[in-house]
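Enquirer: Per my numbering, residue 1 is the first one in the first sequence, and the count goes up by one each step. Note that the Cβ used here is the ideal one computed from N, Cα and C, for glycine as well. Values in this document were obtained by computation on a predicted structure and should not be read as measured data. Could you have a look at this structure, given as structure tokens, before my questions?
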Amino acid sequence: MALPVPAPMLASAGRPPDPPGGWSAELKWDGARGISRIQGSEVRFWSRNRRESTSAYPEVAASLLRVSADRDLLLDGELIAPDPATGAPIFGRLQRRMHVIRPTTALIAAVRVEYIVFDVLAVSGESVMDQTYLARRALLDDLELAGGLIRVPPFWNLAEIGADRLLAAASEAGMEGIISKKLDSLYEAGRRSSRWIKTPLRRTTEAVIAGWMPGNGANAATFGSLVLAAHDDKGSLRCIGCVGTGFSMSARRALRGALNELTRPTSPLDAPAPTTVEQSARWVDAVLIADIEYRELSAAGIIRHPSFRGIRTDRTITEVGWPK
DNA sequence: TTCCGACAGTGGGGTCGCAAT
DNA sequence: ATTGCGACCCCACTATCGGAA
Numbered sequence: 001m002a003l004p005v006p007a008p009m010l011a012s013a014g015r016p017p018d019p020p021g022g023w024s025a026e027l028k029w030d031g032a033r034g035i036s037r038i039q040g041s042e043v044r045f046w047s048r049n050r051r052e053s054t055s056a057y058p059e060v061a062a063s064l065l066r067v068s069a070d071r072d073l074l075l076d077g078e079l080i081a082p083d084p085a086t087g088a089p090i091f092g093r094l095q096r097r098m099h100v101i102r103p104t105t106a107l108i109a110a111v112r113v114e115y116i117v118f119d120v121l122a123v124s125g126e127s128v129m130d131q132t133y134l135a136r137r138a139l140l141d142d143l144e145l146a147g148g149l150i151r152v153p154p155f156w157n158l159a160e161i162g163a164d165r166l167l168a169a170a171s172e173a174g175m176e177g178i179i180s181k182k183l184d185s186l187y188e189a190g191r192r193s194s195r196w197i198k199t200p201l202r203r204t205t206e207a208v209i210a211g212w213m214p215g216n217g218a219n220a221a222t223f224g225s226l227v228l229a230a231h232d233d234k235g236s237l238r239c240i241g242c243v244g245t246g247f248s249m250s251a252r253r254a255l256r257g258a259l260n261e262l263t264r265p266t267s268p269l270d271a272p273a274p275t276t277v278e279q280s281a282r283w284v285d286a287v288l289i290a291d292i293e294y295r296e297l298s299a300a301g302i303i304r305h306p307s308f309r310g311i312r313t314d315r316t317i318t319e320v321g322w323p324k
């Protein structure tokens, strides 16, 4: 009988382990998690939430079938869409494929998808999740799956390569960070484990607080998120997104008090914000400056994965330039 | 009839705060 | 004191459906 498809093991966030002895490290791929099962001539994919996604990636399934050579396998990895120019995975590109149930051949040709296999969970129908990561990686290498749209990524001994060096290399290659994995750890299906630690590369910027969005539940009395803005290269104050995380409850209350004093009826921005913001925002005078941490700027100039770090008092709003 | 906007669904993610350990 | 998990948030993209053009 087929093994039930496990939910993937998840990494907790944090700095790379120190001391680094007994840990491996690899690059973090910006894509969508994919558990795959090869059984006879059938290949199927499941997402992080165990929703089947096979039909979205028919060409990847075909490629995986060719390299699997009739072995019964359960694999864990990441589906990515590389930038044709640099090879670095671009999440936005993958999104053009992710939700398309029956992609046309034109779409498949336009947006190449690759499967990065970084773990093996079962061989010949037998679970290997109770083997160590080091042992599973050895098994994975023996399977010789690389080829076509299938890649088996390298991993390093963290103590030998050094976290700082690998992070710098990740940044250089346009990757989203690194993942450290304890070499003797077992596969903890469905759990966010401290034996896998993801260290994303993040940037910081300053942003003008232009308003706030109402909150729900515990945040109904304060705010849901802050509307952020910055000056573009022409000096216009434009919305760069909203931040709704990173505040303690006491910071939320204090900020809401300060925002009440600054209320104004109209937007302080020089250009309209995105529709959803325009519809619900409560505007304030543009005088407060927030420290923001984020992953990257989207194509539309909106910060992705923002979190609030604090209020800056040593700057004036004219100094707040476009995030880099 | 065609086009567009709003909305839901699914993917990715970050934190806080409290209960359980 | 630490850890796990639920409850809040964030952005982007596609699919869908109803109403406007």
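What's the gap between the Cα of Ala290 and the Cα of Ala163?
Expert: Answer to the nearest angstrom: the Cα atoms are 30 Å apart.
Enquirer: Is the beta carbon of Ala159 closer than 9 Å to that of Trp23?
Expert: Yes, they are a contact pair.
Enquirer: Between the region 247-263 and the region 184-201, do at least 3 Cβ pairs fall closer than 8 Å?
Expert: Taking 8 Å as the limit for Cβ pairs, the verdict is that the region 184-201 does not touch the region 247-263.
Enquirer: Does the Cβ-Cβ distance between Trp156 and Ala25 come in under 9 Å?
Expert: Yes, they are a contact pair.
Enquirer: Taking DSSP as the reference, what is the three-state secondary structure of Leu64?
Expert: Three-state DSSP puts Leu64 in a helix.
Enquirer: Would you mind stating whether Gly77 and Val128 have Cβ atoms separated by less than 9 Å?
Expert: Contact flag unset, no.
Enquirer: Based on the DSSP secondary-structure assignment, which residues constitute the bridge partners of Asn157?
Expert: Beta-bridge pairing links Asn157 to Ser24.
Enquirer: Measure the C-alpha to C-alpha separation of Lys324 and Ala258 and round it to an integer number of angstroms.
Expert: Each residue's Cα considered, the two are about 28 Å apart.
Enquirer: Could you tell me which residues DSSP pairs with Gln39 in its beta bridges?
Expert: Answer by DSSP bridge pairing, in chain order: Glu42.
Enquirer: Between the region 90-104 and the region 60-78, can you find at least three pairs of beta-carbon atoms closer than 8 Å?
Expert: With a cut-off of 8 Å, the region 90-104 and the region 60-78 do not count as touching, because too few Cβ pairs lie within range.
Enquirer: The beta strand (DSSP E) spanning Val120 covers which residue range?
Expert: From DSSP, the beta strand (DSSP E) with Val120 extends over 114-123.
Enquirer: Within 10 angstroms of its Cβ, does Lys28 collect 16 or more other Cβ (buried), or is it exposed?
Expert: Counting Cβ neighbours within 10 Å, Lys28 comes out buried, since at least 16 surround it.
Enquirer: For a test of the three-state rule: what should DSSP assign to Ile317, helix, strand or coil?
Expert: Three-state result, Ile317: helix.
Enquirer: With H, G and I counted as helix, E and B as strand and the rest as coil, what does DSSP make of Phe91?
Expert: Of the three classes helix, strand and coil, the one that applies to Phe91 here is helix, per DSSP.
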